[in-house]
Amino acid sequence: MTIHTPKTREDLAQLLAPMRLHATAFERAVSVGAAESRTFSMGAPKSAPNMTRWFRTVEVMHEQLMSLQLDWKRSDPQNLPYFSQADLNLGLITSSGDEFTGVAWGTPSTKNPKGSAFARRVEENGQGTLFGQPTDGGEIDVKFLWILLYNERDGMVHLELSRPSTMARKRIDSWAERIIFPPFDLALGGFTFDEGGAEDEGFGFTVARR
């Protein structure tokens with residue numbers, strides 16, 4: 000498993016650019032999602048804040064990806080919001096994550112069990128053959144699926160864009176590659192880059208599974 004921990008905005012941009020992604024899309028999505036989750040009183044259903052956060056995060060990711068005009072497409076197989084990029088054979092799904100989301104020393108997973116549409120795309124991820132993803136503009140071949148995971152704790156939204164390897168009991172249990180974003184500070188309204196280590200030669204490392 001390869002883990003990337005970008006220290007500066009330039010480092011993060013360097014990782015995202017080959018995927019035709021911009022950091023501002025993720026920054027905006029988690030910001031709006033967090034704000035919307037705070038619009039409920041104690042009288043609301045307990046699931047309302049988390050569900051609404053996911054709804055709005057997906058919605059804003061859609062708006063941001065479409066505004067990039069970098070050929071990202073949207074589809075909803077079995078009601079699963081799914082973004083795909085045909086030229087690069089990429090897929091992207093948004094999900095809440097557990098407490099290990101956004102930290103290099105842990106192995107994160109999705110916060111909640113996932114259904115068959117999600118599991119199918121994880122199982123096919125990275126295989127030699129492409130799997131078709133229907134969109135309004137026709138079917139797109141996807142080879143590499145990435146998951147945007149987010150988890151709020153201690154006034155920060157921790158997030159990462161990671162490529163899953165396997166699932167167990169309806170949750171992801173291993174990853175091929177992880178791009179760990181700097182935490183999003185809810186008070187400051189932006190990523191908190193640790194630029195003190197910018198002089199380091201690299202910002203990634205590989206973990207070998209035994």
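In terms of numbering that gives the first Met the number 0, the sequence shown opens at residue 0 and continues consecutively.
A virtual CB, placed ideally from N, CA and C, is assigned to each residue, including glycine.
Model, not experiment: these values are computed from the prediction.
Per DSSP, the continuous beta strand (DSSP E) segment holding arginine 170 begins and ends at 170-179. For glycine 96, the number of other beta carbons within 10 angstroms of its own is at least 16, and it is reported as buried. Between the stretch 39-54 and the stretch 164-172 there are fewer than three inter-stretch CB-CB distances shorter than 8 Å, so the stretches are not counted as touching.
DSSP, reduced to helix, strand and coil, places serine 66 within a helical segment of the structure shown. Bounds of the alpha helix (DSSP H) holding glutamine 13 are 8-15. In the three-state reduction of the DSSP assignment, proline 163 falls in the strand class. Asparagine 111 carries a coil assignment under DSSP once its states are collapsed to helix, strand and coil. Burial check for glutamate 98: the Cβ neighbour count within 10 Å stays below 16, so the residue is exposed.
About 11 Å separates the CB atoms of threonine 4 and phenylalanine 192; that is not less than 8 Å, and the two are not in contact. By the Cβ criterion, the stretch 7-21 is not in contact with the stretch 29-43, since fewer than three pairs of Cβ atoms, one from each stretch, lie closer than 8 Å. The beta-bridge partner set that DSSP reports for methionine 41 is empty.
Distance from the CA atom of leucine 160 to the CA atom of arginine 120, rounded to whole angstroms, is 16 Å. Separation of aspartate 140 and proline 163 (C-alpha to C-alpha, rounded to the nearest whole angstrom) is 18 Å. Assignment of threonine 4 by DSSP, reduced to helix, strand and coil, places it in the coil class.
In this structure, Trp104 is the residue among Trp104, Ser94, Thr109, Leu148 with its C-alpha nearest to the C-alpha of isoleucine 2. As a beta-bridge residue in DSSP terms, lysine 72 pairs with Ser83. With fewer than three CB-CB distances shorter than 8 Å, the stretch 58-68 does not count as touching the stretch 109-119.
Per DSSP, reduced to three states, the secondary structure at threonine 106 is coil, with no helix or strand assignment. Annotation for phenylalanine 25: no beta strand (DSSP E) segment contains it, though the alpha helix (DSSP H) segment containing it runs 22-35. DSSP lists no bridge partner for leucine 185. Distance between arginine 73 and isoleucine 92, taken at the CA atoms: about 10 Å.
Rounded to the nearest whole angstrom, the CA to CA distance from leucine 89 to leucine 147 is 13 Å.
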